[in-house]
Amino acid sequence: MNTKSFALRQLIIAFILFPILLMGVILALPNLPESPWRALLAIVPLVPVGLGIRAMYRAISGLDEFQRHIQLIALAFAVGATGFLTCAYGLLQVLVDLPQLSWLWVLPLLTTCWSFGLAFANRSYQ
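The sequence shown begins at 1328 in the working numbering and counts up by one.
Dropping the structure here:
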């Protein structure tokens, strides 16, 4: 099995495990007594996030220079767009009283922007 398919398989497993663990934690926490262990249980869904990060690192490490360049452009777009959007919303939240959003939305926003960045970068080389 090559590195790229192994990394993709790990990434898919991480994407499947995260919502399962998250739902389990959401259902279990209200039924548990107050304890310091609750905080540890609350971050259990981050385990597949870590596995996903490792899988993405492996997948990108296995790419040729051109594909790495495209990923770098996409990531630069994602970081810039995420920074811009979160700052814009933060200003609107403070100055215009928009509702407060959870930090949980930052990673999905970043990955969505990365997807758009990949589409733009791939399109520019066609």
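Here a beta-carbon is modelled for each residue, glycine too, at the ideal position from N, C-alpha and C. Just so you know, these numbers come straight off a predicted model, no measurement behind them.
Note to self: Please report the straight-line C-alpha distance between residue 1385 and residue 1423, rounded to a whole angstrom.
What the structure shows: 43 Å
Next item on the list: Ignore the nearest five residues each way along the sequence and tell me which others in residue 1400's own chain have a CB closer than 7 Å to its CB.
Entry: 1444, 1448
Checklist line | Residues of its chain near residue 1348, where Cβ-Cβ distance is below 8 Å and the 5 sequence neighbours each way are ignored | finding: 1371, 1372, 1374, 1375
Note to self: What does the alpha-carbon distance come out to for the pair residue 1478 and residue 1416?
What the structure shows: Here the chain has residues from 1328 to 1453 only, and residue 1478 is not among them.
Note to self: What does the alpha-carbon distance come out to for the pair residue 1426 and residue 1419?
What the structure shows: 9 Å
Check: Taking the continuous alpha helix (DSSP H) assigned at residue 1392, which residues delimit it?
Finding: 1392 to 1422
Check: Rounded to whole angstroms, how far is the Cβ of residue 1334 from the Cβ of residue 1382, which I believe are closer than 8 Å?
Finding: 5 Å
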